[in-house]
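What follows is a single structure, written as structure tokens, with notes after it.
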Amino acid sequence: MYEIIEGFLEAIRLIVMLDPDVMAISARSIIISFTATIFATLIAVPLGAAINLGTFPGKKSLINLIQTLYALPTVIVGLLIFLLLSRAGPFGFLRLLFTPTAMIIAQTVLILPIMTGLTISALSGVDPVIKDTLRSLGATRLQFLVNVMKEARFAILATVAVGFGRAISEVGAAILVGGNIMASSFRSSTRVLTTAISLETSMGNIPKSIALGIILLVIALGVNLVITTIQHR
Amino acid sequence: MIELINVSKRFGDTEVLQGITARVERGEIFAVIGPSGAGKSTLLRLINLLDSPDGGEIQINGIDIHKKKDQHLRIRRMMGMVFQKPAAFNSTVYENIAVGLRFRGVDEEVIREKVRDVLDMVGLSGYEERRARTLSGGEMQRVALARVMVIEPEILLMDEPTANLDPVSVEKIEELVLRINRDLGTTIVISTHDMYQGQRLAHRIGVLMDGVFAQVGTPREIFTVPASREVARFVGIENIIDGVVVAGGNGRSAVDVGGTLIQVVSPFARGEDVCLCIRSEDLQIAPVDGRVSASDGNSFPGTVMSITPRGPFSRVTVDCGFALSSILSWKVVDGLDIREGSRVIVSFAPEAVHVVRATRG
Amino acid sequence: MRRRTLFVAAAFMVAFMLICGCIGTAPSDTPAAAEKQQLRIATTTSLYDTKLLDRLSAMFEEEYDAEVLIISAGTGKAIEYGQRGDVDVLMVHDRAREDAFLADGYGINRRVFAYNYFIVVGPESDPAGIKGMEPEEAFTVIREKGMAGDADVVFVSRGDASGTHSKEQAIWKAAGFNYSSDIQGSGDWYQEAGTGMGATLMMANEKQAYTLSDIGTYLAYKGDLTLVPLVDEGDVLLNVYSVMQINPEKYPDINSAIAKDWINFMISDDVQDVIASFGVDEYGQPLFYAARDGWEKIGVPQAEVKDPVL
Numbered sequence: 021m022y023e024i025i026e027g028f029l030e031a032i033r034l035i036v037m038l039d040p041d042v043m044a045i046s047a048r049s050i051i052i053s054f055t056a057t058i059f060a061t062l063i064a065v066p067l068g069a070a071i072n073l074g075t076f077p078g079k080k081s082l083i084n085l086i087q088t089l090y091a092l093p094t095v096i097v098g099l100l101i102f103l104l105l106s107r108a109g110p111f112g113f114l115r116l117l118f119t120p121t122a123m124i125i126a127q128t129v130l131i132l133p134i135m136t137g138l139t140i141s142a143l144s145g146v147d148p149v150i151k152d153t154l155r156s157l158g159a160t161r162l163q164f165l166v167n168v169m170k171e172a173r174f175a176i177l178a179t180v181a182v183g184f185g186r187a188i189s190e191v192g193a194a195i196l197v198g199g200n201i202m203a204s205s206f207r208s209s210t211r212v213l214t215t216a217i218s219l220e221t222s223m224g225n226i227p228k229s230i231a232l233g234i235i236l237l238v239i240a241l242g243v244n245l246v247i248t249t250i251q252h253r
Numbered sequence: 110m111i112e113l114i115n116v117s118k119r120f121g122d123t124e125v126l127q128g129i130t131a132r133v134e135r136g137e138i139f140a141v142i143g144p145s146g147a148g149k150s151t152l153l154r155l156i157n158l159l160d161s162p163d164g165g166e167i168q169i170n171g172i173d174i175h176k177k178k179d180q181h182l183r184i185r186r187m188m189g190m191v192f193q194k195p196a197a198f199n200s201t202v203y204e205n206i207a208v209g210l211r212f213r214g215v216d217e218e219v220i221r222e223k224v225r226d227v228l229d230m231v232g233l234s235g236y237e238e239r240r241a242r243t244l245s246g247g248e249m250q251r252v253a254l255a256r257v258m259v260i261e262p263e264i265l266l267m268d269e270p271t272a273n274l275d276p277v278s279v280e281k282i283e284e285l286v287l288r289i290n291r292d293l294g295t296t297i298v299i300s301t302h303d304m305y306q307g308q309r310l311a312h313r314i315g316v317l318m319d320g321v322f323a324q325v326g327t328p329r330e331i332f333t334v335p336a337s338r339e340v341a342r343f344v345g346i347e348n349i350i351d352g353v354v355v356a357g358g359n360g361r362s363a364v365d366v367g368g369t370l371i372q373v374v375s376p377f378a379r380g381e382d383v384c385l386c387i388r389s390e391d392l393q394i395a396p397v398d399g400r401v402s403a404s405d406g407n408s409f410p411g412t413v414m415s416i417t418p419r420g421p422f423s424r425v426t427v428d429c430g431f432a433l434s435s436i437l438s439w440k441v442v443d444g445l446d447i448r449e450g451s452r453v454i455v456s457f458a459p460e461a462v463h464v465v466r467a468t469r470g
Numbered sequence: 010m011r012r013r014t015l016f017v018a019a020a021f022m023v024a025f026m027l028i029c030g031c032i033g034t035a036p037s038d039t040p041a042a043a044e045k046q047q048l049r050i051a052t053t054t055s056l057y058d059t060k061l062l063d064r065l066s067a068m069f070e071e072e073y074d075a076e077v078l079i080i081s082a083g084t085g086k087a088i089e090y091g092q093r094g095d096v097d098v099l100m101v102h103d104r105a106r107e108d109a110f111l112a113d114g115y116g117i118n119r120r121v122f123a124y125n126y127f128i129v130v131g132p133e134s135d136p137a138g139i140k141g142m143e144p145e146e147a148f149t150v151i152r153e154k155g156m157a158g159d160a161d162v163v164f165v166s167r168g169d170a171s172g173t174h175s176k177e178q179a180i181w182k183a184a185g186f187n188y189s190s191d192i193q194g195s196g197d198w199y200q201e202a203g204t205g206m207g208a209t210l211m212m213a214n215e216k217q218a219y220t221l222s223d224i225g226t227y228l229a230y231k232g233d234l235t236l237v238p239l240v241d242e243g244d245v246l247l248n249v250y251s252v253m254q255i256n257p258e259k260y261p262d263i264n265s266a267i268a269k270d271w272i273n274f275m276i277s278d279d280v281q282d283v284i285a286s287f288g289v290d291e292y293g294q295p296l297f298y299a300a301r302d303g304w305e306k307i308g309v310p311q312a313e314v315k316d317p318v319l
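So the protein sequences, as listed, match chains D, C and P.
In this text, residue positions in the first sequence follow the numbering used here: the first is 21, and each later residue adds one.
In this text, residue positions in the second sequence follow the numbering used here: the first is 110, and each later residue adds one.
In this text, residue positions in the third sequence follow the numbering used here: the first is 10, and each later residue adds one.
Next up, the structure:
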């Protein structure tokens, strides 16, 4: 108990004093996961829209598959991306392993299924009468798509928040493809909140773990708050 | 303007439309009436190109609209449709109404002007910045109508536009429908399950039953000379009695109804199974000792089976070997001094009886 | 109008974030900018957890204007990274596997730069009573007591194919046991942590168990531990750290020049001095011995501790 309280107080101090290490790790976490979320959004939203609004054989099975992939274990994604990006792997020539880019790729892949799936749900949540009305008003395919997405904008925004929350709280893939590197330059380092917490705890550096944990918690809760606020609109 | 030629549509195993044939003239209000589930919505959706028919064709200005895929957008943009459920986009009233014009690439300035005009028309001036989802159902439906009318469609399709609305809102929408048709000459196809609404609005009515038009005609024709027993029932004729023609000639026939002969005016020949449709207001009820007016008419003694209140009236059902119901005001009921079990005489003129063939078609 | 402004603002934001993301995270070895050279090192956790490498990499970065990226993993994983060509340099401590790695042609230019000793640590109460024994004897006793069902006697193994894990297996073998049949899975007394040295020490501390540790990591963690060294003598406990580069013939885009710089840096007098004195201030004794003067003790040719690679 004493250790937790002491650790907590020290953690508060680290945060309040803007400990450069803690700040750098937090900023990196946010940048990496935010970038991954943007890429995933750019892929998942159009993809989800195409799947939702298109008609093709196997559509139901595809949606089922996507929903199954929600449960994609993060370390499996990590392993897959590791094998692909490793110098001995097919994309080794890109020299991306152990870089933030690799982490972005892994997180993008990781959150793609859930973001695609939630986009599909968001769009199918739009009242069919609204869809009929749009078509009836003479929308072209593109105009139709844009306006259906506009109707689902809050749900899609919530999807983005879910994706970000997932990306930033993920540890398995981050450590496998990032390597948890703390380099002298910000952009070569791959230590993020989750991997740092894992390392600092294993090194017995409890206050720092707690400080990082608090920040991660605040970000995750903040994201959730955004989701709830959006969904109540 | 719109020509429906043997249109059919199937959803899975259920054949919703089984060969619809009709013609809607330019500038008329055509009401599709029929019970719920008769396929009214389906028919309008087919016209609006929201669904494709499984058989037959729909022509607009002589063009089979479902054939020309590349012209779908152009054809659809001639039309506007208002749906049963008032649905608004999650934005302002202005944005809701502007959508169709935006699709057509109209300048913002023109849009603003047109939106203002159309809001004025539907009586929602000054509502531009309101969130559409916060409006009442009736207001939302007027926004939906404005959203369609702002694009100045040649054809306005309305799928039970007042089904979910309160009576005041219904009246407003009906007023608008008549005004749009009168002032703008828009051809309107409106579906409704309310035959009186059809009567109030339409130049012509198509009665849709079991996937076909059981009858197409003016409201007067539909209400006075229904083409079948089902139409008669649907347009609210209280008394529909099965019988067999036993004697005929000179347009006069006698119909045997369970041993009683009823005099009617009909062209049907002896031996045919027919249905007799008698509007309740054409029945007279008199005390058993009273005078019976029409000497050549039908008079049957009977026993009052029930008196059920119906608004300011009472529905009096008399058993004369077959049931006959009449609608009487409370005063009349009191004056006749009848109650359940009273003996009365029911009479009606042969001309009051509309005879249809018993089997459909 | 307001709407459009909002939209434009949003679009700008997204674009800005994307640019930030790309700049902030682009692979730093793209030739676009005048980038610093990067050296990727996969290291055994004991070197990393003691913070020796933090110290050395800072020196190196300054001297060579390069950036050192350290991936801390067990020796087994580090060798795996080396075989896949994902790093430029390995720093490990498992002579036998290093030999195999070199023989397979994956590594070249091995130099030994430091050594120290493994120790067997355990709770102060020493429930198995191994204090002062020879390592093999101590292991035998721990196993006996553990197998007999003494719940206080627990041994936590690294269990991660690291150099320390190799060493532990070697001791079991020297004590006359077959590791996979006699030790692994033989009972609750033997538990595999599957993690780094520091974490394993923390775990053994929580469980009040015995474990094998290198002296350096133990000292670095001593402040957080109640475990004490119980066995620290015996030839088998010698722990030799070496550095080598990945063979550029296997992976041509390995940064060979800077890898060589690092190896020569590690055996340079300056660094050897740092190694010899590292931790003295904090722990009262050095965590490592410089290999420079101990080649005979280690049992390697002098060239392997002194001769720069070319």
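Every residue gets a Cβ at the ideal spot worked out from N, C-alpha and C, and that includes glycine.
- In the three-state reduction of the DSSP assignment, P:Leu-99 falls in the strand class.
- For D:Thr-139, the closest C-alpha among the options D:Ile-131, D:Leu-154 and D:Ala-175 is that of D:Ala-175.
- In the DSSP assignment, the residues bridged to C:His-463 are C:Cys-386.
- Under the 9 Å criterion on CB atoms, P:Tyr-230 is classed as interfacial with respect to chain D.
- Identification of chain P residues near D:Met-223 by a Cβ-Cβ cut-off of 7 Å yields Asp-58 and Gly-207, ordered along the chain.
- Taking 9 Å as the cut-off, the beta carbon of C:Val-252 is found closer than this to the beta carbon of C:Tyr-236.
- Boundaries for C:Asp-268: no alpha helix (DSSP H) harbours it, while the beta strand (DSSP E) harbouring it runs 264-268, taken from the DSSP string.
- Interface flag for D:Phe-113 against chain P is set, since a Cβ pair is found closer than 9 Å.
- For D:Leu-117, there is no enclosing beta strand (DSSP E), as DSSP marks it with neither H nor E.
- CA-to-CA, the gap between C:Asn-290 and C:Gly-136 works out to about 7 Å.
- Using a CB distance cut-off of 9 Å, C:Asn-199 counts as an interface residue toward chain D.
- A distance of 9 Å or more separates the beta carbons of C:Ile-331 and C:Ile-156.
- Residues of the segment 171-184 of chain C that bring their beta carbon within less than 8 Å of a beta carbon in chain D comprise Leu-182, in sequence order.
- When rounded, the separation of the alpha-carbon atoms in C:Val-125 and C:Leu-153 is 13 Å.
- In terms of beta-carbon proximity, P:Val-96 lines the interface with chain D, with at least one pair separated by less than 9 Å.
- Per DSSP, D:Ala-70 lies in no beta strand (DSSP E) segment; the continuous alpha helix (DSSP H) that holds it begins and ends at 40-73.
- Sorting P:Gly-114, P:Val-130 and P:Ser-251 by C-alpha distance to the C-alpha of P:Gln-217 places P:Val-130 at the top.
- It is roughly 39 Å from the alpha-carbon of P:Glu-258 to the alpha-carbon of D:Ala-47.
- By the CB criterion at 9 Å, C:Val-219 and C:Leu-233 fall outside the cutoff.
- In the three-state scheme derived from DSSP, where H, G and I count as helix and E and B as strand, P:Tyr-227 is classed as helix.
- P:Asp-108: member of the alpha helix (DSSP H) spanning 104-112, first to last residue.
- Residue pairing from DSSP places C:Ser-435 in a beta bridge opposite C:Val-425.
- C:Arg-132 and C:Ile-114 have their alpha carbons spaced roughly 8 Å apart.
- When the Cα atoms are used, C:Glu-248 and C:Arg-239 turn out to be separated by approximately 11 Å.
- The beta-bridge partner set that DSSP reports for C:Val-321 consists of C:Met-318.
- The Cβ atoms of C:Ala-140 and C:Ser-300 sit closer than 9 Å to each other.
- Closer than 9 Å to the CB of D:Arg-107 there is not a single CB belonging to chain C.
- For D:Ala-159, at least one C-beta of chain C is nearer than 9 Å to its own C-beta.
- Secondary structure note for C:Phe-343: its alpha helix (DSSP H) is the uninterrupted segment 338-343.
- Secondary structure of C:Ser-200 (DSSP, three-state): coil.
- With distances taken between CA atoms, D:Val-65 lies nearest to D:Val-168 out of D:Ala-194, D:Thr-221 and D:Val-168.
- Collapsing the DSSP output to three states places D:Phe-111 in coil.
- According to DSSP, C:Asn-348 shares a beta bridge with C:Ile-387.
- Nearest to D:Ile-188 by C-alpha distance, out of D:Ile-83, D:Ile-131 and D:Ile-71, is D:Ile-131.
- Contact between C:Ile-129 and C:Val-321 holds, with the beta-carbon distance rounding to 6 Å and staying under 8 Å.
- Within the model, the alpha-carbon separation for C:Arg-448 versus C:Pro-396 is close to 11 Å.
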